[in-house]
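**Q**
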Amino acid sequence: MAKLAPEVYKAMVRLDAAARRGVDPTLLELVKIRASQLNHCAFCLDMHTKDALAAGESVERIIQLSAWEESRHFYTPKEIAAIELTEAVTVLTDGFVPDEVYEKAAAHFDETELAHLISAITVINAWNRFGVTSRMAPGHYTPGQFTH
39 MAKLAPEVYK AMVRLDAAAR RGVDPTLLEL VKIRASQLNH CAFCLDMHTK
89 DALAAGESVE RIIQLSAWEE SRHFYTPKEI AAIELTEAVT VLTDGFVPDE
139 VYEKAAAHFD ETELAHLISA ITVINAWNRF GVTSRMAPGH YTPGQFTH
């Protein structure tokens, strides 16, 4: 993307930076990992698990994220609200985010934080689609290598 569509890539990097303002960095990595799990983006999983570990996230919480509903005790209510919102925005099974999921997130985040969280979820979904479609191979990322 950076070489073949540089303007798109630069715009995505700027959008990513703007979206994550005001969102807790650890929470943001959990959101990025969960969306990437749902979208089967191996490259983004490699990147964001390494970034999360480098930021001090525990291996246990990262491993349990794919089964968070059975492992709720590993996460705070605020993190669970963000994870539920991530799943709803990522999957959009019924064509919309259920009111109860949105309301739970709105109870844990102020309006500005929620706007940035929704933006960050949207951005990681776009990155996942680039990664999956272009067959980006995992395993070569070093923490902090990219700004997103």
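If you're matching positions, the sequence shown starts at 39 in my numbering and goes up one per residue. Where is the CB? At the ideal position from N, CA and C, for every residue including glycine.
#1: Tell me which residues share the same chain as Thr87 and place their Cβ nearer than 7 Å to its Cβ, disregarding the 5 neighbours each side in the sequence.
#2: Looking only at C-alpha atoms, which of Glu45, Pro44 and Lys116 sits nearest to Leu66?
#3: Would DSSP call Lys88 helix, strand or coil?
#4: In or out: Gln183 buried (at least 16 other Cβ within 10 Å) or exposed?
#5: Going by beta-carbon coordinates alone, are Leu68 and Ala90 separated by less than 9 Å?
#6: How about Ala175 and Ala40: do their beta carbons lie closer than 9 Å?
#7: Tell me which residue opens and which closes the alpha helix (DSSP H) that Pro63 is part of.
#8: Between Ala73 and Thr128, which are expected to be in contact by the criterion C-beta below 8 Å, what is the C-beta distance as a whole number of angstroms?
#9: Could you tell me the distance, in whole angstroms, from the CA atom of Val51 to the CA atom of Glu108?
#10: If we count the other Cβ atoms within 10 Å of its Cβ and call it buried at 16 or more, is Thr124 buried or exposed?
#11: Locate the alpha helix (DSSP H) running through Gly169, then write down its first and last residues.
#12: Check whether the region 41-60 and the region 161-172 touch, using three or more Cβ-Cβ pairs below 8 Å as the test.
**A** In short:
#1: In the sequence shown, counting from the first residue as 1, residue 87 sits at position 49. Contacts found: Ile71 and Ile100.
#2: The count along the sequence shown starts at 1 and reaches residue 66 at position 28. Of the listed residues, the one whose Cα sits closest to Leu66 is Lys116.
#3: Walking along the sequence shown from the start, residue 88 turns up at place 50. Here Lys88 sits in helix by DSSP.
#4: Position 145 of the sequence shown, counting from 1, holds the residue named residue 183. Burial call: exposed.
#5: The residue given as residue 68 occupies position 30 in the sequence shown. The residue given as residue 90 occupies position 52 in the sequence shown. Their beta carbons are under 9 Å apart, which means Leu68 touches Ala90 by this criterion.
#6: Position 137 of the sequence shown holds residue 175. Position 2 of the sequence shown holds residue 40. Not in contact: Ala175 and Ala40 (Cβ atoms no closer than 9 Å).
#7: The sequence position of residue 63 within the sequence shown is 25, counting from 1. Residues Pro63 to Asn77.
#8: On the sequence shown, residue 73 is found 35 positions in, with the first residue counted as 1. On the sequence shown, residue 128 is found 90 positions in, with the first residue counted as 1. Right, the Cβ-Cβ distance comes to about 5 Å (below 8 Å), so this counts as a contact.
#9: Start at 1 with the first residue of the sequence shown, and residue 51 comes out as number 13. Start at 1 with the first residue of the sequence shown, and residue 108 comes out as number 70. Those two C-alpha atoms are separated by around 34 Å.
#10: Translated into the one-based positions of the sequence shown, residue 124 becomes position 86. That one is buried.
#11: For the purposes of this step, residue 169 is taken as the residue at position 131 of the sequence shown. That run of the alpha helix (DSSP H) goes Glu149 to Thr171.
#12: yes
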